[in-house]
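In the numbering used here, the protein residues as written are 558 to 1068.
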């Protein structure tokens, strides 16, 4: 049979499943014959073409000849480094371990910094959860400040107590001020668990400002506990403020050191500004104190008292002043002394004496307490216990002279030093006090001092600057850095400066 007459079955219908595999094997089998006939070459080419077409048709529908995994003898030496090749090479060999990599930070963080709030030197005397409000003067309505613990903190060194409140979570300060004597807790209208008060210098917003605050507690019991602790701290602060002359003429630069230690750092206040409530308190002259000694003598006299068991006695009282050395000197600082005796003395119950030692002498059988009024610039009242336990006894009382005028200062100087002596003002005020007052008769010094108290913060700072720029060499001014106060004696200022202060205060509408 010839090669041309030979026919082949249709591969698309009669080709067995393994035909393609047989063809592949046949291709891979090494050929022994050196040459092939033309007919065989054509037939093989036709088979290859039909197989490719069939595979493409079925592959469109997910079919096609089953793919088998081929494993070659060269897989072991495959340069790709596949896991199969490595596994075939030998299971006993382990993969090399990856080297440990050490990373160094590009930027080194600083060490932990301890944050201080200036509360470390304070002890907590009260703590209660509450909600705080502040009255907005612009919108005329209450604004909520936050909810948290309101605390009263007492400084361990100066013993002053302040009120501090921080918001929950954020710990932002929403109230921070001293509890000063002029504060008053008022009950909120229609509520028994809330209080309202005015804080003249609250620094919770960074700068001291006057604020009207309201606080509300969970119940009336908590509110009453807060009020009790508040008033207790208020009384304790009042004594401390009076001792330090807290309400004095305050200068901007010297206020910072005193107040900075009492403000939480978290509020970041501008401490170069003076709280208006403190700056508006002007001290015309530092206070002068003197100790008064009352000397009482008594003895039994040979007279009938009319009361059995109570002999009649003669008693007397004299008044003196102690100087800086504790020595007894005449009380010339007082113009008169008035004794208020027991009503049983009748017309003699009130007796007045105008010359030192202001001696009073009476007879009686009973002991009692009497009121003694000492008149200088004003009346200073003391209570004296008249008793018959000893034939002679003494009692002491401290009298404070506020803003003494030149004439009174001259009298006070007889019993001890007065403010201004250390600045060389003694001769001026002692010898020329009355003359200086006459020169200033056109200016009412008391009215000027009262007007200065009414000035605002910025105006007061201008007053301080005016005093610094125009004072005389012998003018009394004192910068108390520790207490944060500025003292000035208006009577030692030059007439031109007094006139400037008067015109300035009058221009501001404070007179």
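A virtual CB, placed ideally from N, CA and C, is assigned to each residue, including glycine.
Reduced DSSP secondary structure (H/G/I, E/B, other) of residue i
i: residue 841; result: Because the pLDDT of residue 841 is 47, which lies under 50, any placement of that residue in the model is unreliable, and the number read from its coordinates should be weighed accordingly. Reduced to three states, the DSSP call for residue 841 is coil.
i: residue 754; result: strand
i: residue 823; result: Caution is warranted here: a pLDDT of 35 is assigned to residue 823, below 50, making its placement in the model unreliable, and the coordinate value is therefore given only provisionally. Correct three-state label for residue 823: helix.
i: residue 870; result: strand
i: residue 778; result: helix
i: residue 1023; result: helix
i: residue 1062; result: helix
i: residue 1031; result: coil
i: residue 968; result: helix
i: residue 947; result: coil
i: residue 1049; result: helix
i: residue 926; result: strand
i: residue 997; result: Bear in mind that a pLDDT of 49 at residue 997, under 50, signals an unreliable position, so the number given afterwards is only what the model happens to contain. Note: residue 997 maps to coil in three-state DSSP.
i: residue 876; result: strand
i: residue 862; result: coil
Close beta carbons around residue i, own chain, < 8 Å, minus the five adjacent residues each side
i: residue 920; result: 858, 860, 869, 870, 871 and 872
i: residue 846; result: 955, 956, 957 and 958
i: residue 926; result: 940, 941, 942 and 943
i: residue 704; result: 686, 687, 688, 689, 724 and 725
i: residue 891; result: 876, 913, 915, 931, 932 and 933
i: residue 948; result: 854, 855 and 856
i: residue 744; result: 751, 752 and 753
i: residue 902; result: 919 and 921
i: residue 898; result: 905, 906, 907, 908, 919, 925 and 927
i: residue 1023; result: 1054, 1057, 1058 and 1061
i: residue 661; result: none
Length of the line joining the Cα atoms of residue i and residue j
i: residue 702; j: residue 791; result: 23 Å
i: residue 778; j: residue 757; result: 27 Å
i: residue 1069; j: residue 863; result: No answer is possible for residue 1069: it lies beyond the span of the chain, which begins at 558 and ends at 1068.
i: residue 769; j: residue 689; result: 11 Å
i: residue 728; j: residue 762; result: 13 Å
i: residue 691; j: residue 724; result: 14 Å
i: residue 774; j: residue 844; result: 42 Å
i: residue 894; j: residue 905; result: 14 Å
i: residue 968; j: residue 876; result: 16 Å
i: residue 951; j: residue 867; result: 23 Å
i: residue 714; j: residue 797; result: 12 Å
i: residue 784; j: residue 1057; result: 46 Å
i: residue 748; j: residue 730; result: 25 Å
i: residue 918; j: residue 1003; result: 39 Å
i: residue 736; j: residue 1012; result: 23 Å
i: residue 1025; j: residue 1063; result: 20 Å
i: residue 829; j: residue 874; result: Confidence is the limiting factor: at residue 829 the pLDDT is only 36, short of 50, which leaves the residue's position unreliable and the question unanswerable from this model.
i: residue 1065; j: residue 772; result: 36 Å
i: residue 676; j: residue 722; result: 12 Å
i: residue 767; j: residue 936; result: 35 Å
i: residue 788; j: residue 719; result: 12 Å
i: residue 946; j: residue 793; result: 35 Å
i: residue 782; j: residue 697; result: 30 Å
i: residue 1060; j: residue 938; result: 38 Å
i: residue 707; j: residue 1027; result: 47 Å
i: residue 712; j: residue 734; result: 13 Å
i: residue 953; j: residue 1015; result: 44 Å
Nearest residue (CA-CA) to residue i, options the options
i: residue 883; options: 907, 974 and 855; result: 974
i: residue 678; options: 717, 930 and 1044; result: 717
i: residue 681; options: 971, 900, 1066 and 709; result: 709
i: residue 931; options: 782, 914, 922 and 706; result: 914
i: residue 739; options: 854, 745 and 755; result: 755
i: residue 900; options: 891, 923 and 1066; result: 923
i: residue 880; options: 970, 896 and 782; result: 970
i: residue 1031; options: 699, 1018, 946 and 1045; result: 1045
7 Å Cβ shell around residue i - same chain, five flanking residues per side excluded
i: residue 934; result: 958, 961, 962 and 965
i: residue 896; result: 908, 917, 927 and 929
i: residue 1068; result: 1004, 1008 and 1062
i: residue 972; result: 847, 878, 880, 886 and 890
i: residue 741; result: 754
i: residue 776; result: 750
Cβ separation of residue i and residue j, assumed to be a contact under 8 Å, to the nearest whole Å
i: residue 759; j: residue 732; result: 6 Å
i: residue 878; j: residue 852; result: That belief does not hold up - the Cβ atoms of residue 878 and residue 852 are roughly 12 Å apart, past 8 Å.
i: residue 1021; j: residue 1055; result: Not confirmed; about 15 Å, so no contact.
Residues of its chain near residue i, where Cβ-Cβ distance is below 6 Å and the 5 sequence neighbours each way are ignored
i: residue 1072; result: Here the chain comprises residues numbered 558 to 1068, so residue 1072 is not present and cannot be evaluated.
i: residue 683; result: 709 and 786
i: residue 1029; result: 1051
i: residue 699; result: 690 and 692
i: residue 695; result: none
i: residue 888; result: 876, 877, 878 and 913
i: residue 1035; result: 1044
The ligand SAM heavy atom lying under 7 Å from the CB of residue i
i: residue 950; result: Judged by which ligands are present, the structure shown has none, so any question about the ligand SAM falls away.
Contact with chain C by residue i, beta-carbon distance below 8 Å
i: residue 680; result: As a matter of chain content, chain C is missing from the structure shown, which is built from one protein chain.
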